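*Asks:* What follows is a structure written as structure tokens; I'll ask about it next.
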Amino acid sequence: MKILVVNAGSSSLKYQLFEMETQEVLAKGICERIGIDGKITHAAAGNDKYSENIPMSNHEVAMNAVIRMLLDEKLGCIHSMEEIYAVGHRIVHGGPWFSEAVLVDKTVMEDLHKCIDLAPLHTKPHIMGIEGCMAVMKKTPQVLVFDTAFHQT
Numbered sequence: 168m169k170i171l172v173v174n175a176g177s178s179s180l181k182y183q184l185f186e187m188e189t190q191e192v193l194a195k196g197i198c199e200r201i202g203i204d205g206k207i208t209h210a211a212a213g214n215d216k217y218s219e220n221i222p223m224s225n226h227e228v229a230m231n232a233v234i235r236m237l238l239d240e241k242l243g244c245i246h247s248m249e250e251i252y253a254v255g256h257r258i259v260h261g262g263p264w265f266s267e268a269v270l271v272d273k274t275v276m277e278d279l280h281k282c283i284d285l286a287p288l289h290t291k292p293h294i295m296g297i298e299g300c301m302a303v304m305k306k307t308p309q310v311l312v313f314d315t316a317f318h319q320t
């Protein structure tokens, strides 16, 4: 089972694709300068790092670049997007609404918007990353994992 883990920032999107059965990192990389000029740096296991300047107007465009790299015949490590079982998003602050990982739905997104004031520099970009992933990977479950969930007593 392959899980794509995403950490979205205001102008970046870091990612790692894991094979959960073996705990192997199949690929990892970063999209940088999203909304400015864009660059992706990608490396699949056993391959050298590859970097490419790509215009990235938003996180959806960045996510398309990630999928293109993962599927690339020479640079990638999967043959189909359907190989990715789920996308996990690292979220800084869940406020009182989230004390454990959750599957994204409309209500979750509404509650996540309520967390913006708790961590404005992080939550807005997280939302952009989630929405970008959802637009590109429409059928793939999106799961949110909260830093604050690790600090619950």
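In the working numbering, the protein residues as written are 168 to 320. Note that the Cβ used here is the ideal one computed from N, Cα and C, for glycine as well. Note that the coordinates shown come from a computational prediction; the quantities given were computed from them, not determined experimentally.
Is the stretch 270 to 281 touching the stretch 221 to 234 in the sense that three or more CB pairs, one from each, lie closer than 8 Å?
*Replies:* no
*Asks:* Can at least three beta-carbon pairs, one atom from the stretch 261 to 276 and one from the stretch 243 to 252, be found at a separation below 8 Å?
*Replies:* Touching, no, given that fewer than three Cβ pairs across the two stretches are closer than 8 Å.
*Asks:* Measure from the alpha carbon of Arg185 to the alpha carbon of each residue in Val173, Met301, Asp272, then state which is nearest.
*Replies:* Sequence check: residue 185 is Phe here, not Arg. Cα-wise, what sits closest to Phe185 is Val173.
*Asks:* Curious, which full-length beta strand (DSSP E) runs of at least 3 residues does the stretch 203 to 242 contain?
*Replies:* Listed in chain order, the complete beta strand (DSSP E) runs (minimum 3 residues) inside the stretch 203 to 242 are 206 to 211, 217 to 220.
*Asks:* Consult DSSP for Gly196 and reduce its assignment to one of helix, strand or coil.
*Replies:* Reduced to three states, the DSSP call for Gly196 is strand.
*Asks:* Met168 to Gly255, Cα distance in whole Å?
*Replies:* 13 Å
*Asks:* Measuring only the C-alpha atoms, how far is Cys198 from Cys282?
*Replies:* 25 Å
*Asks:* My output table needs one value for Ile294: the three-state DSSP class, helix, strand or coil.
*Replies:* helix
*Asks:* Where does the unbroken alpha helix (DSSP H) through His280 begin, and where does it stop?
*Replies:* His280 -> alpha helix (DSSP H) spans 273 to 281.
*Asks:* Go through its chain and collect everything with a Cβ distance to Gly296's Cβ below 7 Å, but skip five positions before and after it.
*Replies:* Val173, Ala175, Leu180, His226, His256
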